[in-house]
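A short worksheet on the structure shown next.
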Amino acid sequence: MLAEEALASATQVDAQLSAGQSPGPLAGVPVVVKNLFDLAGVTTLAGARSRLGAAPADRDATIVARLRAAGAIIVATTNMDEFAYGFTTENAHFGTTRNPRNAAFLAGGSSGGSAAAVAAGLAHIGLGSDTNGSIRVPSAYCGVFGMKPTFGRLSRAGIFPFVASLDHVGHMARHVEDLALAYDVMQGADPRDPACTHRANEPASPWLAAPIGELRVGVLGGWFREGLDAESLEVIDRVARQLGATRRLELQEADVARAAAFIITAAEGGNLHREALTTRPETFDPACRDRLLAGLLVPASMLLQAQRFRRRFENAAREVFRDFDVLIAPATPSAAMKVGQTLFDLGGRQVNARAHIGVFTQPLSFIGLPVVVAPVPRPGRLPIGVQLVAAPWQEHKALQAAALLERSGLCAAPVAS
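For what it's worth, my numbering labels the leading residue of the sequence shown as -16, then goes sequentially.
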């Protein structure tokens, strides 16, 4: 079905061009969509076998519709962790998405299918969602640019939910300009999403050519350097030098923020699937089911404390951005892990891989900050990604920093061979 629709859309773009009409700023651009975005006529699986019999969606998700209106062509849906609860895209029902830069390694998750497709050159844009790092982790692992905008910037209408108070949607691309153009056309208030009703479009594309002197860039230390392997530390320092970042700072209580994000994720995710967990637990991917079941046991007092801390941490972050425009942080503790790997070294401790890949992404999405991941390629080795973090509603500054890194040649996302 999608193949036929894609060919028909491409034919329409050709006809518009022949008639001297403008098909839109993304005319003919192939886009892949994480399979939790509604596509009219397609069943939204959200990576779950239990949804194979669900009715097809009757309309596109809002940002899918906006991409189509801009001339983009949807060519495929992509694999993901079940219900977006994971960092690996190792799906017990639909298989593991492997890293196109080395198939022995993971693509990351939960938007791993979209990241892998973009890295492999199968599409120019890949849509994903990010609750705790699910765009940023696969972007870093697969070596592509990725963007998680401010919470509420892009509409989530027509997206299968995970954690309503933390869910973001965003996208991946091989070039910063493509990232910015897609971001521009996806913006806009949407009454179908209560979190996305109050911001006007703020195009980012014109900012890409702005000089570095206009940005005050700092490097996050403390929590965001502890546990990093030597190669990742070296990459962070190279990016800092390229952006002229000489000041290091700490985002106090980032460790508490990560713990609070875990609590909110578990409680909201478990509650969302409560009925199915208690009546049809055998239909879940075991790796997802057990964590959702644990979420049903989270005491209400812990959830309340996590939400209260969230406001305090958000206020502290806003103070930091009085002195900085962009903060540099690692996206993952190391380059991509191997398929099937269950443990990895984090600061001298062997820790559970699924639970700790997002150690540096969770504190930032916890308070909805906009982040662009920039990949640093390494000949003969897997890429390493860095997070470029901006203040709320200042996405253009993170994109500007990424564009500067791309122009310098330090950051790039070549098509995987």
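The C-beta atom is built at its ideal place from N, Cα and C for all residues, glycine as well.
{"query": "Quick check on this structure: which residue in Pro316, Gly204 and Asp268 has the alpha carbon closest to the alpha carbon of Ala213?", "result": "Pro316"}
{"query": "Which residue's Cα is closest to the Cα of Arg139: Ala86, Leu365, Asp21 and Gln225?", "result": "Asp21"}
{"query": "Taking the alpha-carbon positions, what's the Val359 to Leu388 distance?", "result": "9 Å"}
{"query": "I need the boundaries of the alpha helix (DSSP H) containing Phe327, first residue and last residue.", "result": "That residue, Phe327, is in no alpha helix (DSSP H); its beta strand (DSSP E) goes Leu326 to Leu329."}
{"query": "Assuming Glu297 contacts Ile350 (C-beta within less than 8 Å), just tell me the rounded distance between them.", "result": "4 Å"}
{"query": "Express the C-alpha separation of Gly205 and Arg305 in angstroms, rounding to a whole number.", "result": "19 Å"}
{"query": "Quick one: Cα of Pro132 to Cα of His379, how far?", "result": "10 Å"}
{"query": "What does the alpha-carbon distance come out to for the pair Ala67 and Gly30?", "result": "7 Å"}
{"query": "Going by beta carbon distance, what residues of the same chain come within less than 7 Å of Gln324, once the five residues before and after it are set aside?", "result": "Ala336"}
{"query": "Decide if the stretch 217 to 232 is in contact with the stretch 276 to 292; the criterion is three or more beta carbon pairs, one per stretch, under 8 Å apart.", "result": "no"}
{"query": "Which two residues bound the contiguous beta strand (DSSP E) that contains His339?", "result": "Note, His339: premise wrong, no beta strand (DSSP E); alpha helix (DSSP H) at Ala336 to His339."}
{"query": "Using three-state DSSP, classify Asn62 as helix, strand or coil.", "result": "coil"}
{"query": "So, are the CB atoms of Leu162 and Leu382 less than 8 Å apart?", "result": "yes"}
{"query": "What is the residue span of the beta strand (DSSP E) that Leu35 lies within?", "result": "Note, Leu35: premise wrong, no beta strand (DSSP E); not H, not E."}
{"query": "Rounded to whole angstroms, what's the CA-CA distance from Ala384 to Ala172? Just pull it up for me.", "result": "26 Å"}
{"query": "Please list, in chain order, all residues of the same chain as Gly11 whose beta carbon is under 7 Å from its beta carbon, the five residues on each side excluded.", "result": "Ala(-7), Val(-4), Gly54 and Ile56"}
{"query": "For Ile142, which of helix, strand or coil comes out of DSSP?", "result": "strand"}
{"query": "How long is the line joining the alpha carbons of Pro269 and Leu260, rounded to whole angstroms?", "result": "11 Å"}
{"query": "Are Gly141 and Lys17 closer than 8 Å when you measure CB to CB?", "result": "no"}
{"query": "Roughly how many angstroms lie between the CA atoms of Ser122 and Pro177, to the nearest whole one?", "result": "28 Å"}
{"query": "Look up Leu310 in the DSSP assignment and give the residues it is bridged to.", "result": "Gly201 and Val372"}
{"query": "In the DSSP assignment, find the unbroken alpha helix (DSSP H) run with Lys439 in it and report its ends.", "result": "No answer is possible for residue 439: the residues shown for the chain start at -16 and end at 400."}
{"query": "Could you tell me the boundaries of the alpha helix (DSSP H) in which Asp238 lies?", "result": "Ala237 to Leu255"}
{"query": "For the alpha helix (DSSP H) containing Met285, name the first residue and the last one.", "result": "Ala283 to Val303"}
{"query": "Note down, in chain order, each residue of its chain lying with its Cβ closer than 7 Å to the Cβ of Ala223, except the 5 sequence neighbours on either side.", "result": "Val202 and Ile311"}
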